[in-house]
Amino acid sequence: MSWTEINKQLQELSSEQFIELLKGLHDLSAQNKAWLSTKLLPITQDSKYLEECRRKIIQYVYKESSGIPHMPRFREAKKVISEYRKSTSDLRGTLDLMLVYVERGHAFTNDFGDIDEPFYDALINMLERFAVELRRSPAKYELYELFRLRLIAMRKTSDIGWGYGDFIQETVDERDILSKMNCYSPQRKRNCPLCSTHLHSPALAPGASVRQAICLANRVSGMLRKNLWGLGW
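Reminder that position 219 of the sequence shown reads as 209 in our numbering, one-by-one numbering, no gaps.
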């Protein structure tokens, strides 16, 4: 049935029938409940739905147990975050879920050692998204304070390979995350956000600045370390 047909049917409903229909949609899923709450009471936060999403992300990425865990299912976890954001438009809750995603992946590699490049790319990409959303918010300083201790806790336990540890160390440094993301990101297929050179560029262009030279040195150093780890050094 097309929206035109649905709209025609809705126009013919009485107020009581319309409310009954909305109640059915409300009871159908937690996502529907959150969406309706946001539209009708936009200043509220559906803590029950947020907690449900946290539990799902922990389950998909890494939940400590006595047995051998499955590999993180990042795609499913990202879908939970996307659905929460679309349903609620709640930035604080969305940032919280993004950080849960990174924290659980961080805990996974700390518990089980170096994983592989796609694993760390998934964590770096999400942390980059977290930082971008945080910096865009007019309340970025207040929001940062809500997550500061969690970010610092990850930084203290980031002696991890594949360049991920370096990324955490150089990015999650007090309020730096509010103004920039660090240039060190050897596999990002785009321009460096600080020096504007292409992140896969093997050399500097004539007239390059000192900042560009430092960024390139960091990237080359990271790639060398990654290759040496791969050889078992």
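For glycine and all other residues, C-beta sits at the position ideal for the given N, C-alpha and C.
Asked	Found
Buried versus exposed call for K46 [16 or more other C-beta atoms within 10 Å across all chains shown]	buried
Separation of K(-2) from V51, as counted between CA atoms	44 Å
Beta carbon proximity, L139 to chain B, threshold 8 Å	The displayed structure is made up of one protein chain only, and chain B is not part of it.
Cβ-based burial, F8 [other Cβ within 10 Å; buried from 16]	exposed
contact_flag[the segment 111 to 118, the segment 91 to 100] where n(CB pairs < 8 Å) is 3 or more	yes
Beta-carbon gap between L81 and E123 smaller than 8 Å	yes
Cβ-based burial, D101 [other Cβ within 10 Å; buried from 16]	exposed
DSSP-derived helix/strand/coil call for L3	coil
Between the CA atoms of K38 and P59 - distance to the nearest angstrom	26 Å
Alpha-carbon spacing of G95 relative to M116, whole angstroms	11 Å
Beta-carbon proximity check, I71 vs T84, cutoff 8 Å	yes
Rounded C-alpha distance that separates K23 from L15	8 Å
Whole-Å CB distance - L3 paired with L12, under 8 Å assumed	L3 to L12, Cβ: 10 Å. No contact.
First and last residue of the uninterrupted alpha helix (DSSP H) at K130	K130 to K146
Status (buried if at least 16 other CB within 10 Å, exposed otherwise) for G57	exposed
Under the three-state DSSP convention, the category R63 falls into	coil
Where P108 falls, given that 16 or more other Cβ within 10 Å makes a residue buried	exposed
Distance CB(R138)-CB(I158) smaller than 8 Å	no
C-alpha distance - T99 paired with I150, whole-angstrom precision	8 Å
For E54, the first and last residue of its enclosing alpha helix (DSSP H)	Run containing E54: none; DSSP gives neither H nor E here.
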